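Trainee: Positions 4 to 218 (the working numbering) are the ones given, in order, by the sequence shown.
Just so it is clear, CB atoms sit at the ideal spot from N, CA and C, and this is done for glycine as well.
All values derive from a computational prediction rather than experimental measurement.
Questions regarding the structure given below will be posed in turn.
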Amino acid sequence: MTASSPRFYPSVFILIGFYVLIEAALFAGEMGVADIPRFRSTVYEYAGFWPGILADWEPNYRTQPWLMFITYGFLHSGWVHLVVNMITLASLAPVVLDRVGLWKTAFIYAFAILGGAAGFALLSESFRPMVGASGALFGLVGAILAWEYIDRFIYKARMWPVLRAVAFLIVLNVVLYFAMDKLLAWEAHLGGFVAGWIAALLVDPTSRDLEGLAD
């Protein structure tokens, strides 16, 4: 991976704007702008990811067991959750866009959303809904590290930066898991990371020049 600064991409800020509009609508609903009782909770019931629906829970509509694998990734639990994720998105997405362009980045992002849901479905025992873009964001990290790994493997460079980044992510998730009273959806983070790693190698398995790889 090169050390140059990522370029400005309007598509990233369009996506961020879409996320902001959704959260603004949820907030407005909570403030009584929309005459729907329990507005945010109702949206979560219809668009959040509920593992129980994959078991024996009755879905709210016929396609919910499928659509929730995508819709959960565009909801957040509040403004703090949203802002943290959007700052992360603005930092990571341009790096992936620099390497593979818009459509391949979109594929990685979507695949990571699906992977995050799959990870949560397979590993979580929670009865709470899961929402947030974190699975997709960890997918972007997985993609970046996958390319870093390939670049270093081909040119026989040291793998320490990749291992260090993975170790940091593990420690970060452990700390946040307990800091958030075990409400962190680490399962979605893991699923998104693995999916992003796989998707990155599907869309661009070639290595880049060794020049610019940091130790």
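1) If you follow the alpha helix (DSSP H) that Glu190 is in, where does it begin and where does it stop?
2) Spatial neighbours of Ala198 within its chain, please: C-beta separation below 6 Å, excluding the five flanking residues on both sides.
3) So is Thr108 buried or exposed if we call it buried at 16+ other beta carbons inside 10 Å?
4) In this structure, does DSSP put Met4 in helix, strand or coil?
5) Quick check: what's the CA-CA separation for Leu219 versus Leu85?
6) So does the segment 27 to 43 actually touch the segment 94 to 104, counting three or more Cβ pairs closer than 8 Å?
7) Provide the residue span of the alpha helix (DSSP H) that contains Ala63, from first to last.
8) Measuring straight from C-alpha to C-alpha, what distance separates Leu57 and Ala124?
9) Quick one: Cα of Gln67 to Cα of Tyr22, how far?
10) What's the C-alpha gap between Phe11 and Gly20?
11) Taking only three categories from DSSP, how would you classify Phe16?
12) Could you give the first and the last residue of the continuous alpha helix (DSSP H) run that contains Ser44?
13) Relative to the C-alpha of Phe77, which candidate in Arg102, Ala121, Gly35, Leu18 has its C-alpha closest?
14) Going by CA-CA distance only, name the one from Trp60, Phe30, Ala160, Gly145 that's closest to Ala191.
Mentor: With the given structure in hand:
1) Per DSSP, the continuous alpha helix (DSSP H) segment holding Glu190 begins and ends at 189 to 206.
2) The residues are Phe114, Ala115, Gly118, Gly142.
3) With a 10 Å radius around the Cβ and a threshold of 16 neighbouring Cβ atoms, Thr108 comes out buried.
4) Residue confidence is low: Met4 scores 46 on pLDDT, short of 50, so the model does not pin down where it sits. No coordinate-derived value is stated.
5) Residue coverage of the chain in this structure runs from 4 to 218, which leaves residue 219 outside it and unanswerable.
6) Contact between the segment 27 to 43 and the segment 94 to 104 is absent, with fewer than three C-beta pairs closer than 8 Å.
7) It is worth fixing the name first, because residue 63 is Asn in this sequence and not Ala. No alpha helix (DSSP H) contains Asn63, which DSSP labels as neither H nor E.
8) Between Leu57 and Ala124, the alpha-carbon positions lie close to 8 Å from each other.
9) Computed Cα separation, rounded: 21 Å.
10) Here the alpha carbons of Gly20 and Phe11 stand approximately 15 Å from one another.
11) Of the three classes helix, strand and coil, the one that applies to Phe16 here is helix, per DSSP.
12) Taken as a continuous stretch (DSSP letters only), the alpha helix (DSSP H) holding Ser44 covers 42 to 50.
13) Nearest C-alpha to Phe77: Leu18.
14) Comparing Cα positions, the closest option is Gly145.
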